[in-house]
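Chains as they are written, first to last, in this note's numbering: chain A, 3 to 124; chain B, 184 to 354.
What follows is the structure, given as structure tokens:
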């Protein structure tokens with residue numbers, strides 16, 4: 003019986019398992035971890051900088067430029083329709099608006115009674 | 184094996200030594216030989232990538248890992264085609280017998296199949312097979328005996344032919 007068993011085991015050993023295909027053993031580079039870390043840091047910085055730039059540009063879009071605010075504040079830059087409407091409905095305000103000199107325009111000193119001319123003479 | 188991770192050389196040695204038997208073992212779950220190879224490859228790639236903790240006993244781990252991966256592959260239905268290419272090569276080129284053996288193996292209960300694959304094609308002793316499967320030696324021995332009996336029943340027609348041939352030659 004035991005002999006039969008050994009014989010059958012030998013019969014089974016006549017069947018050899020196929021050799022599986024070669025497994026690629028790629029050893030990891032010793033600096034692989036640090037390279038990945040560095041690449042991740044560079045990527046993070048690049049993303050941060052670009053998002054900061056985009057955010058800044060976006061917020062600038064919604065803010066009117068400084069010169070535009072100044073232009074709006076000067077009476078001379080207002081549209082003719084606005085002036086006409088003001089003249090019709092609020093003539094007092096129109097007078098006030100005209101009496102306030104615009105900031106962007108220097109006071110004249112070439113007139114005979116201008117303050118600057120008098121001061122300059124003194 | 185100690186309490187350390189395996190180096191690439193050690194994994195390579197394990198693959199050389201246990202790879203073929205592990206493919207046979209995986210074939211019992213996934214039927215398709217190519218899929219069994221993929222399963223075994225996956226286990227060794229994980230081992231190589233260091234995704235596995237320290238191994239107490241490598242052979243036992245490999246068989247458990249291959250079993251789990253093969254069951255996952257079978258559940259996912261990856262390339263679970265019919266049995267077309269046997270995972271064995273018969274010394275005399277009997278392809279039919281090789282297919283019959285593979286079928287007979289896959290029909291064994293998995294604990295019996297593990298012991299018989301370890302013993303016959305992985306060259307382990309029954310003691311080593313018992314340690315790898317985590318059972319007492321007597322249990323491993325009886326599982327082996329039952330498995331051999333079942334295989335003999337199934338493979339009798341193929342086993343008799345060479346014996347008859349030997350007898351004819353003697354005459």
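Ideal Cβ placement from N, Cα and C applies to all residues, glycine included.
- By the criterion of at least three beta-carbon pairs nearer than 8 Å, the stretch 204-224 of chain B is in contact with the stretch 284-291 of chain B.
- For residue 60 of chain A, the secondary structure class from DSSP, reduced to helix, strand or coil, is helix.
- Cβ proximity to chain A below 7 Å picks out 198, 202, 203, 204, 206 and 207 from the stretch 197-208 of chain B.
- Taking C-beta separations shorter than 6 Å and ignoring five residues to either side along the sequence, the partners of residue 337 of chain B in its chain run 287, following chain order.
- Close to residue 193 of chain B, with beta-carbon spacing below 7 Å, lies no residue of chain A; the smallest spacing is near 11 Å.
- Of the candidates B:330, B:268, B:303 and B:298, B:303 places its Cα closest to the Cα of residue 15 of chain A.
- Counting only Cβ-Cβ distances below 9 Å, residue 284 of chain B has contacts in chain A at 14 and 17, in chain order.
- Residue pairing by DSSP leaves residue 13 of chain A without any beta bridge partner.
- Contact between residue 202 of chain B and residue 22 of chain A holds: CB atoms are separated by about 5 Å, below the 8 Å threshold.
- In this structure, the alpha-carbon of residue 18 of chain A lies about 12 Å from that of residue 280 of chain B.
- Note on residue 13 of chain A: 16 or more other CB atoms within 10 angstroms of its CB, so buried under the neighbour-count rule.
- Counting other Cβ atoms within 10 Å of its Cβ, residue 214 of chain B reaches 16 or more and is therefore classed as buried.
- Contact between the stretch 219-226 of chain B and the stretch 302-321 of chain B is absent: fewer than three C-beta pairs spanning the two stretches fall below 8 Å.
- Put simply, the CB of residue 270 of chain B is near chain A, with a gap under 8 Å to one of its CB atoms.
- The three-state reading of DSSP puts residue 273 of chain B in strand, counting E and B together.
- Look at residue 330 of chain B: its C-beta is not under 8 Å from any C-beta on chain A.
- Following the DSSP letters along the chain, one finds residue 202 of chain B inside the alpha helix (DSSP H) bounded by residues 191-213.
- Within chain B, no residue has its CB atom less than 7 Å from the CB of residue 39 of chain A, the nearest being about 17 Å off.
- A straight line joining the alpha-carbon of residue 191 of chain B with that of residue 310 of chain B spans about 28 Å.
- Think of a sphere of 9 Å around the beta carbon of residue 249 of chain B: no beta carbon from chain A falls inside it, the nearest being about 12 Å out.
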